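Chains as they are written, first to last, in the UniProt record's numbering: chain A, 1 to 324; chain B, 1 to 324; chain C, 1 to 285; chain D, 1 to 285. Cβ coordinates follow ideal geometry from the N, Cα and C atoms, glycine included. Keep in mind that this is a model prediction, so the values were computed, not measured. The structure appears below as C-alpha cells.
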Amino acid sequence: MTADLRTYLAHVELPNPVLTASGCGGTGRELAQFSDVHRLGAFVTRSITMAPRAGRPTPRMAETPSGLLNAVGLQGPGVEAFLERELPWLAERGARTVVSIGGGTVTEYTALARRLAGVDGITAVEINLSCPNVEDRGRVFARDGAAAAEVVASVRAATPYEVPVIAKLSPDVADVVAVARACVDGGADALAMINTPVGMSIDVDTMRPSLAAGTGGLSGPAVRPLAVRCVWQVHAALPGVPIIGMGGVTTGRDALELVLAGACAVAVGTALFHDPYACPRVLRELEELLQERGFDRLADAVGLAHRPAGAQPRTRTDLEESSL
Amino acid sequence: MTADLRTYLAHVELPNPVLTASGCGGTGRELAQFSDVHRLGAFVTRSITMAPRAGRPTPRMAETPSGLLNAVGLQGPGVEAFLERELPWLAERGARTVVSIGGGTVTEYTALARRLAGVDGITAVEINLSCPNVEDRGRVFARDGAAAAEVVASVRAATPYEVPVIAKLSPDVADVVAVARACVDGGADALAMINTPVGMSIDVDTMRPSLAAGTGGLSGPAVRPLAVRCVWQVHAALPGVPIIGMGGVTTGRDALELVLAGACAVAVGTALFHDPYACPRVLRELEELLQERGFDRLADAVGLAHRPAGAQPRTRTDLEESSL
Amino acid sequence: MAGSPVQVTGTVLTTRRVDAYHALTVVAPGIADRFRPGHFVTVAVGGRDSSMLTRRAFTIHDVKPDYGGTVELVFGVRGAGTAWLADLRARDTLDLVGPLGRPFPLPRDPCTCVLVGDEHGAAALFALADALQQRGCRVDFVLGAPSADRVFGALRARRMGETTTLTTEDGSLGMRGRVTDVLPGVIADARADAVYACGPMEMLRGVTTVAVEFDIPVQVAVEESMACGIGVCMTCVVPVIGDDGVTRMVRACTEGPVFRGERVRFDDVGTIPFDALGAPGGRHA
Amino acid sequence: MAGSPVQVTGTVLTTRRVDAYHALTVVAPGIADRFRPGHFVTVAVGGRDSSMLTRRAFTIHDVKPDYGGTVELVFGVRGAGTAWLADLRARDTLDLVGPLGRPFPLPRDPCTCVLVGDEHGAAALFALADALQQRGCRVDFVLGAPSADRVFGALRARRMGETTTLTTEDGSLGMRGRVTDVLPGVIADARADAVYACGPMEMLRGVTTVAVEFDIPVQVAVEESMACGIGVCMTCVVPVIGDDGVTRMVRACTEGPVFRGERVRFDDVGTIPFDALGAPGGRHA
Ligand SMILES: Cc1cc2nc3c(=O)[nH]c(=O)nc-3n(C[C@H](O)[C@H](O)[C@H](O)COP(=O)(O)OP(=O)(O)OC[C@H]3O[C@@H](n4cnc5c(N)ncnc54)[C@H](O)[C@@H]3O)c2cc1C
Ligand SMILES: Cc1cc2nc3c(=O)[nH]c(=O)nc-3n(C[C@H](O)[C@H](O)[C@H](O)COP(=O)(O)OP(=O)(O)OC[C@H]3O[C@@H](n4cnc5c(N)ncnc54)[C@H](O)[C@@H]3O)c2cc1C
Ligand SMILES: Cc1cc2nc3c(=O)[nH]c(=O)nc-3n(C[C@H](O)[C@H](O)[C@H](O)COP(=O)(O)O)c2cc1C
Ligand SMILES: Cc1cc2nc3c(=O)[nH]c(=O)nc-3n(C[C@H](O)[C@H](O)[C@H](O)COP(=O)(O)O)c2cc1C
Ligand code: FES
Ligand code: FES
C-alpha cells in the first residue's frame, strides 16, 4: 500500500508535498517539456513584481562547493504580463499555482496582493521577504521581524481569506524563530524556508567578485544543514504552522530529512538545474522511503524527529542554540 | 623572487598568513607528527575554558555535502591544565600561539583573560564569541553586538596592551558589520571570521538528528561563500581592521579568495581533518599564486577585489545587501 | 512535443585527443534524432557525489546513426568540470540533456555563407556546413585561435569549404591575427550572402560589425555562462533587441544561443542597458 | 618520530570480493613498514571534486612486503564513501593516512587468547593472531555476523586457530545467535587467559562482560565515528576510566581504538557520564 501523500497549506489541500522553489521553475512551460506541471504538489512562480524587471547584470551565477551563488535580481515581466501570459497557461494545464511576490516597500507588496486578489487559479500567495526594503536603507524585510510582519499583515489583509498567505524566510538572521513568530502573528498561514543566505565568491584569476552584483544568494546541498536547522527550530516553536521546507533538496532522502524536521511540503530549486525531472523523481523516492518505513500517511512523518527520544542513549536530543 | 608573506595582527608580525583554525589543530602535538608547528603563521588553540569540559555526547559529527557538522562542545582540560601542559610545549617548539577563549558569561571571559595575562608565549588572544550567554537565555554573544562588545571590552582591559585581542564572529546574524563594528568599538584589535553557522542534519534511517546535540556548527567548503561575503562586507566597512579569514579553506586558491576579499591572514580548519599537511600546502600554493600574479607582498593582495572596477563591463561591482 | 529535449545516460563510445581538444562520442539516441546544427547539450560532471552542481554546456559537434544515434562533443579543459570529462574512458557513462537551444536558421535559397569559428567555437560549424551544402549553399571557413594547436577542424574545413582561412594570434598557423582581421577579405572574395559565427563574445561582436558593414545577415551563437541550459534559472541572459525595437534581457539557452548578430547589444553584455525593459531607474524597478 | 603516521597516495594493486565484503590491496610502503596489529588507516573518498570531506577509517587487514609494502583493507558497503571505494579498480590511486591508533598490546608470555570478531571487525584479528602465535600463544577464534555471507575470514580462522566457533543470527552458518552466546564456552574450553575483540560497541560490551566474569583481561577495538583519525577534531570520544579512576572522554583514534574493555563505560557511550571529568553540572561547565 502506498502512503497517503496529501498535505495541507492551511486549509488548502495539495495532492503531494513536492513543489518547485520560487525562481527555479521558470514559467512552468520549460519544465513541462520534461514532466507535467499538474503532477507537482504545486508550481511556485518566480517572485512577481509590479513592474517588469530586467534583473542584475551577468555573470549572475557562480558555482561553489555543493552550492550555487545566484544574483538574478528578480528578472520578470511584471505582474500584468504574468497574469496575461503565464498564469492562464498554468491554470489550463491544471497546475496548482503558488504566486510568489516581491517588492521594495510594504505598499508595493500590498498593491501586488490587491492585483492578485480574486484572480482565478491562485492556490496561495508566497511572500518573498528577502527583498531589500528601500525605505530602510535596503535592509531586507526577512532580517527584521517587525518589517516582515508588516508586509505579511498587509498582504494578508488584501488577499481573499480562502487563499493562504505564505511568508518565506531567510536563514541569515540571529533568530529565525523570532522572525517566524512575527510573521505568524502578522497573519501568515504558512511559512516557507529557507531562502538563500547571502554569499560571495571571488574569481582568483580576475581577482574580482565572480558575480557582477558582488554578492549573491547561496543555494543547493551546501545550505541544506541550515534549512533543516531552520525548519527544526521553527517547527519546535510553532508546531501548528505548516512549513514548506527547501534548501538543497536533490533526493527523496533530502526531502524526508526536511519532513522529519517539521516540513509538511518540500520545494526543489537548484536541483532542477541539474535534473529537470527532479520533482517527480524526488516525489517517487520520498514515497518509497515512507513506504519502507511503514508510514501510511506523509502527515505521520512530519516533525517526527522531534519525538521524545526512546531509551537508546545514542539518540538523546539535547538542543541548544549553539553547538559549541 | 618570492612574495613577502609577512602579515600583521595589529602590531604583531607573523611570518606568514596561514594559521590553524581554533578547535581544528588539537594541542599542536598531533599536527607536529606531520609538520612543524613553528612553520605556521600561528597556532590557534581550541577554545580554552576556565574549568575542564567534557563536551557534548557523541555522535558529535555528521558529514553534509561539502560540509561537516560538529558539536564537540568545547571539550578541553581547562585553563590551568592548558597552561601547564599545552602552552609550554608550543612555546618550546617555537610556535606563535593564539589562545582562543570561551565562556558563558562576561565574568568568565574576563577571568580567563586575567589568567592568561602576563603568561609567556601568548601571541594573541582570540575570543570565541559563539558561546551561549548563560545570562541571556543561551543566546550566543556573537549574535548580539552589545553583548559581544562587552566581552571584548573586558577581555581587552584584562589583557596586556602588547597582546592583540581578536574577536571571532559568526555569520548567522542579520548584520555582521554591525557586530564587527561593536567589537572594534569595544577594543578588538583584529577580527576573525567565520565561526560555524548553526546547522542540522537528520538521519533518515533512525529518523533522529544525526548529532546527539541536535544542532551543530557547519564548516568546510560549503560555508566558504558565507565566509568570503562576511570578510568582504567587514573589510569594506572597516578597512583598517586586520581580519583573519576562515571557512572552507582547502587550497591556496581558497586562501587567496579570502585575502582578496580583505583578510590579512587565513585559518585552516576542517581541511586539516582531510589533509594533515593542509597548512604548509595552502601556504605554498598561496605563495605560488601570488607569485604568478606578480605580487611582491601579500599585503598588496589584501582586499584587492574591492578596488574600483576598471573599464571592463564584466567586472562592474554593484553591491547590495541582498542578491535578489 | 516533437523537438523537446530529453535526459539520457549514455555510454561513452570513444574518446580522442584532437590537438588541444578532447572529443567524446556518446550513445544518445534521443538526442541524436532531434539534432539540428547549433544545438547544444548539457552534461553532468564529477560523478555521483560530486561537489559540482551545474551541468556543463557543449555544442553538439556531430551526430552519427550508429548504436541508434551518437553525439560527439569537442572541448578544451578549462576548469574542474572539463578536467573530469577529459578523464572519461570508453564504457563510462555520461548524463546528458539535449538537444537544447535555438539552432542555426538556414537560408531558404542557395547562397554563399562564411562560417567563422574561434577555438572550440569551430566545433559547431561542420554540421552547419553540411546542412548548408545540402541546400546547395557555398561554404567558406574562417577559423582562428591563439595558436596552431587550438585551431579546431582545419582539415575538415579544408575538405568541406570552398575556401578556408586560418588565423592564429601567434602566427603559428595561417595568418597572424584574429578572424575579424581576415573576414572582410573573405566576404568580399566569396561575395558572401550571410555569415555564421561561433566563439567568444568579443569575436562575435567583431564579426557582427564586419557583417553589418557588408550589409549581410549574420547569425551568432553566443556562449554565456549557464546554470540550467533549459530556461528556468535566468542566469544566461544577454541584452537583445526584439522585433519591436525593445531591448530585453533574454536567455541564451532558450531564445539563443543563436541570435541575429545585429540584435545582440554586444557593447552592453555584462550590464543592464539603461533602456532595457525593466532596467533599474525605470518607474518601479 | 619513528611510529608517526604518513600520508601516501598509493596505487590499487588488486580488488576482490569476499562474500559480502570488498578487499583492496594498495601500495603504501610507509604505512606497511610501521604496521602493528590493530592499526587503522583513513582514506580519502570520492575523488578530486568530491562533496565528501571526511576520510573513512579502515582497519589494516594485512600488510605484505611486495612493491615495498602493501596494505589490505576489507570493507562492506555502507554509504556513499564505501560505495565509491567498492568501484575502485586496479591501477586507480587511493590517498591513505596511517598507520593510526593504538595497536593491540601483546602479552609478554605465551598464553591462550580468544579473538572475537563481528562482521568486518574480524578483519583486524588475523594479523593479531599471527603476532600472538609468533609469541607462542594459542589462538581461538569466535566470529559472528547476522548471516553466513557476512562472516568474514572463517576459512583463515579455521587454518590459524586452535578452534574456530562461528555464529550467525539467522543460523545460516555455525551456531544461531551472537558471539557473546558462545564466548563463555570457548573461554572455558580453552582455559583462555585473555580476550581480544573487534566489532560494534554493543558486542564489545557483551564480550567485556563475559571476560570480566571470567576475570581475564580483554582488549577491545572500538569503532566510533571519526572525522580526522589523527586526534585533532575530538569527535570520536568514548568515556573511559583512567588509571586514576577518573572517567574522561578520550579519543578513540589516538588513545584507542584499542582499550582495556573494563575501562570503557559501554553503558554510557553516547552520553557524558555525570561523573566524567568536566561533565556538565560540574562547577563551571
Ligand atoms: C551553449 C554553449 C556551448 C558550449 N560549447 C562548448 C564546446 O563545444 N566546447 C567547449 O570546450 N566549451 C563549450 N562551452 C563552454 C563550456 O561550457 C565551458 O568550458 C565549461 O562549462 C567549463 O566548465 P569547467 O568546469 O571546466 O570550468 P569552470 O570554470 O570550473 O566552470 C565553473 C562554472 O562556470 C560555468 N562556465 C565556465 N565557463 C563557461 C563558458 N565558457 N560557458 C558557459 N559556462 C561556463 C560552468 O558551466 C560551471 O558552472 C559552451 C558553452 C555554452 C554556453
Ligand atoms: C577505527 C575504525 C576501523 C574501521 N575498520 C573498518 C573495516 O575494517 N571495515 C569496514 O567495513 N568498516 C570499518 N570501519 C567503519 C568504516 O569507517 C565505515 O563503514 C565507513 O566510514 C562508512 O563510510 P560510508 O561513506 O560508506 O558511510 P556513511 O554512513 O555515508 O558515512 C558518513 C560519515 O560517517 C562516518 N561513519 C559512518 N559509519 C562509521 C563507522 N562505523 N565508523 C566510523 N565512522 C563512520 C564516515 O566516516 C563518514 O564521515 C572502521 C571504523 C573505524 C572508526
Ligand atoms: C536562480 C535562483 C533564483 C531564485 N529566485 C527566487 C525568487 O524569485 N524568489 C524567491 O523567493 N526565491 C528565489 N530563489 C530561492 C529558492 O526559491 C530557494 O529558496 C533556494 O534556492 C533554496 O532551495 P534550493 O537549494 O533547492 O535551490 C531563487 C534561487 C535560485 C537558485
Ligand atoms: C570540530 C571543530 C571544532 C571547532 N572548535 C572551535 C573552537 O573551539 N573555538 C572556535 O572559535 N571555533 C571552533 N571551530 C570553528 C573553526 O575554528 C572555524 O571557524 C570553522 O570551522 C570554519 O573553518 P573551516 O571551514 O576551515 O573549518 C571548530 C570547528 C570544528 C570543525
Ligand atoms: S541557463 Fe538557465 S535560463 Fe539559461
Ligand atoms: S577522529 Fe578526530 S580526534 Fe579522533
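Could you tell me if residue i is buried or exposed, where buried requires 16 or more neighbouring beta carbons within 10 angstroms of its beta carbon?
i: Glu321 (chain A); result: Model confidence at Glu321 (chain A) stands at a pLDDT of 39, short of 50, so the residue's coordinates are unreliable; what they give is reported in the following sentence. Buried is the call here.
i: Glu291 (chain B); result: Looking at the sequence provided, one finds Gln at residue 291 (chain B) rather than Glu. Classification for Gln291 (chain B): exposed.
i: Tyr161 (chain A); result: exposed
i: Arg48 (chain D); result: exposed
i: Glu287 (chain A); result: buried
i: Pro5 (chain D); result: buried
i: Ser323 (chain A); result: The predicted model places Ser323 (chain A) with a pLDDT of 39, which falls under 50 and marks its position as unreliable; any figure quoted below should be read in that light. It counts as buried.
i: Val246 (chain C); result: exposed
i: His61 (chain D); result: buried
i: Thr315 (chain B); result: Confidence at Thr315 (chain B) is low in this model, with a pLDDT of 33, below 50, so the placement of that residue should be treated as unreliable; the coordinate-derived value is given next. Thr315 (chain B) is buried by the Cβ-count criterion.
i: Thr59 (chain D); result: buried
Would you please verify whether the beta carbon of residue i is less than 8 Å from any beta carbon of chain A?
i: Thr93 (chain C); result: no
i: Ala147 (chain B); result: no
i: Thr215 (chain B); result: yes
i: Leu169 (chain B); result: no
With a threshold of 8 Å between beta-carbons, can residue i be considered close to chain D, or not?
i: Gln75 (chain B); result: yes
i: Ala80 (chain C); result: yes
i: Asp109 (chain C); result: no
i: Met52 (chain C); result: yes
i: Arg283 (chain C); result: Note that Arg283 (chain C) has pLDDT 45, beneath the 50 cutoff, so the model's placement of it is unreliable and no number is given.
Answer yes or no: does any C-beta atom of chain B fall closer than 8 Å to that of residue i?
i: Cys137 (chain D); result: no
i: Cys198 (chain D); result: no
i: Leu100 (chain D); result: no
i: Pro15 (chain A); result: no
i: Gly278 (chain D); result: yes
i: Leu304 (chain A); result: yes
Answer with yes or no whether the minimum CB distance from residue i to chain C is below 8 Å.
i: Ser66 (chain A); result: yes
i: Met61 (chain A); result: yes
Using 8 Å as the cut-off, can you tell me whether the segment 143–160 of chain D makes contact with the segment 2–11 of chain D, which would need three or more C-beta pairs spanning the two stretches below that distance? no
Three or more C-beta pairs under 8 Å: does that hold for the segment 114–129 of chain A against the segment 165–172 of chain A? Pairwise C-beta distances place the segment 114–129 of chain A in contact with the segment 165–172 of chain A, as three or more of them are shorter than 8 Å.
Would the segment 41–58 of chain D and the segment 25–42 of chain C be scored as touching if the rule is three or more Cβ pairs under 8 Å? no
Segments of 3+ residues assigned as beta strand (DSSP E) that fall wholly inside the segment 209–265 of chain C: 218–221, 237–241, 247–251 and 258–260
Please list, in chain order, all residues with a C-beta atom less than 7 Å from at least one heavy atom of ligand 6. B:Phe273, D:Met226, D:Ala227, D:Cys228, D:Gly229, D:Ile230, D:Gly231, D:Val232, D:Cys233, D:Met234, D:Thr235, D:Cys236, D:Arg251, D:Ala252, D:Cys253 and D:Thr254
Is the segment 202–213 of chain C touching the segment 128–140 of chain C in the sense that three or more CB pairs, one from each, lie closer than 8 Å? With the cut-off at 8 Å, the segment 128–140 of chain C and the segment 202–213 of chain C do not touch.
Contact between the segment 242–252 of chain A and the segment 219–226 of chain A: three or more CB pairs below 8 Å? yes
Whole runs of the beta strand (DSSP E) within the segment 69–146 of chain D, excluding any shorter than 3 residues: 70–75, 93–100, 112–118 and 138–145
Does the segment 36–46 of chain B come into contact with the segment 236–252 of chain D, if we say contact requires no fewer than three beta-carbon pairs (one atom in each stretch) closer than 8 Å? Contact check between the segment 36–46 of chain B and the segment 236–252 of chain D: fewer than three CB pairs, one atom from each, fall below 8 Å, which does not count as touching.
Decide yes or no for the touch test of the segment 247–255 of chain C against the segment 72–85 of chain C: beta carbon pairs closer than 8 Å, at least 3 of them. Touching, no.
Is it the case that the segment 150–158 of chain B contacts the segment 173–188 of chain B, given that we only count it when at least three CB pairs across the two stretches are under 8 Å? Yes, they touch.
Alpha helix (DSSP H) runs wholly inside the segment 198–237 of chain B, at least 4 long, in chain order: Complete alpha helix (DSSP H) runs here, min 4: 224–237.
I want to know whether the segment 151–161 of chain C touches the segment 187–198 of chain C - three or more CB-CB distances under 8 Å. no
Are three or more beta carbon pairs between the segment 215–223 of chain C and the segment 193–204 of chain C nearer than 8 Å? yes
Quick one: any contact between the segment 166–177 of chain D and the segment 84–97 of chain D, if contact means 3 or more CB pairs under 8 Å? no
What beta strand (DSSP E) runs, 3 residues minimum, are completely inside the segment 264–316 of chain B? 265–268
Flag this pair as touching only if the segment 104–124 of chain B and the segment 58–70 of chain B have three or more C-beta atom pairs under 8 Å; answer yes or no. no
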